[in-house]
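Structure first, commentary second.
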Amino acid sequence: QKASQNTSKVDTYKISFTMSGTEGGDSVKMRGSMRYQAKPPAFSMAFSDISSGGQTVPGGMQMIVVGNTLYMKMPFLTQVTGGKPWMKFSQSDLRRDKNLKEITQSGDQVNPQLLTKMFTTSKDVKSAGKEAVGGLQTTHYTGTFTNKDALTALSPRERKQAAEFLGNEGEKVAFDLWVDDQQLPRKLVMKSLPGAREKMAMTMLFGGYGEPMNIKAPSPDQVGKAPRQLLS
């Protein structure tokens, strides 16, 4: 409860994360980082490693979401953007393209403010002792929650965000959470992600609470319009 209350007051944070699992029978691995700021609302994500079925995405992927606009950078796509490193997608593009919508929702899936609220619905959470994380003393908690119960802890706006990725209402999700002496999350391990169609595990390390993030849209001269074929 304290972690949820204190995290909800945070205006900025950063995360490093790793994901691994299967999709469509193929092994999937991702490694990346995220930065978030509440004012003005924006977040950025950088995937340094993305692989699926033994194939990697050359150069990884970066994205910046500022307000209702998504900017994406994938080096191998510069040939369709006139040599510009970034592509721009408007709100109307996001509405009609399911894949783009899923990309922007990835920010919600690692949002500690949403996650800790959902964890408060756990009926079996318990302390697993004291451990050091990144040089800080933390308390390790373990527990489970169901997607159905998780939604009851959220506001209507948050419920709409979370409902997009939570999936099966009866699904039970296990978590391990490490919280520092300020009752802020420092590490989170989830062996199955809410709403994932197949098995997918994630480890997250949190920091940068209250630090300036200065997340901005790329310079206009570095942005090309996304080609129509990507939205068809």
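Be aware that the sequence shown starts at 7, since it is given in the numbering used here, and climbs by one per residue.
Ideal placement from N, C-alpha and C gives every residue a C-beta, glycine not left out.
Because the structure is a prediction, the values reported are computed rather than measured.
DSSP three-state assignment for residue i, whether helix, strand or coil
i	result
S225	coil
K178	strand
E217	coil
S58	strand
H131	Checking the sequence shown, residue 131 turns out to be Val, not His. If DSSP states are grouped into helix, strand and coil, V131 belongs with coil.
V72	strand
K205	coil
K154	helix
T13	helix
K8	helix
A138	strand
K231	strand
K90	coil
Beta-bridge partners of residue i, as assigned by DSSP
i	result
L120	For L120, which the question treats as bridged, DSSP gives no partner whatsoever.
F53	G38, M67
R185	Rather than Arg, the amino acid found at residue 185 in this sequence is Val. According to DSSP, V185 bridges with T145, P191.
M80	BP columns for M80 are empty, so no partner.
Q43	T18, A48
F212	I21
T28	S33
F125	F125 pairs with nothing; no bridge assigned.
Exposed unless 16 or more other CB atoms sit within 10 angstroms - verdict on residue i
i	result
R41	buried
A44	exposed
D186	buried
T13	buried
Q68	buried
K123	buried
P191	buried
N220	exposed
S10	buried
N153	buried
S128	buried
A168	buried
K193	buried
G27	buried
P218	exposed
Neighbourhood of residue i by C-beta, 7 Å cutoff - its chain only, sequence neighbours within 5 removed
i	result
G38	F23, M51, A52, F53, S54
P47	G73
heavy atom of the ligand SAM below 6 Å from residue i C-beta
i	result
L183	No copy of the ligand SAM occurs in the structure displayed, which carries no ligand at all.
Residues near residue i by beta carbon distance below 8 Å, same chain, minus five either side
i	result
K231	T87, M93, K94
G65	M80, P81, F82
A134	H146, Y147, T148, D182
Y77	M69, I70, V71, W92, M93, K94, F95, A223, P224, V229
T18	R41, Y42, Q43, A44, G214, Y215, G216, E217, P218, M219
M206	M25, S26, G27, T28, E29, V34, S198, L199
Sequence-distant residues of its chain with Cβ nearer than 6 Å to residue i (five each side left out)
i	result
T62	none
L121	none
I21	M40, V116, M210, F212
CB contact check: residue i to chain B, cutoff 7 Å
i	result
F53	No chain B appears in this structure, which consists of one protein chain only.
Open item on the list: If contact is defined by three or more beta carbon pairs under 8 Å, each pair taking one atom from either stretch, is the stretch 144 to 163 in contact with the stretch 206 to 215?
Closed with: With a cut-off of 8 Å on Cβ pairs, the stretch 206 to 215 is not in contact with the stretch 144 to 163, counting fewer than three such pairs.
- [ ] Kindly confirm or deny that the stretch 84 to 95 and the stretch 217 to 230 touch, where touching means at least three C-beta pairs closer than 8 Å.
- [x] Counting Cβ pairs under 8 Å, three or more are found: they touch.
- [ ] Specify whether the stretch 58 to 72 and the stretch 25 to 39 touch according to this definition: at least 3 beta carbon pairs, one from each stretch, less than 8 Å apart.
- [x] Proximity of the stretch 58 to 72 to the stretch 25 to 39 meets the contact definition, three or more beta-carbon pairs being nearer than 8 Å.
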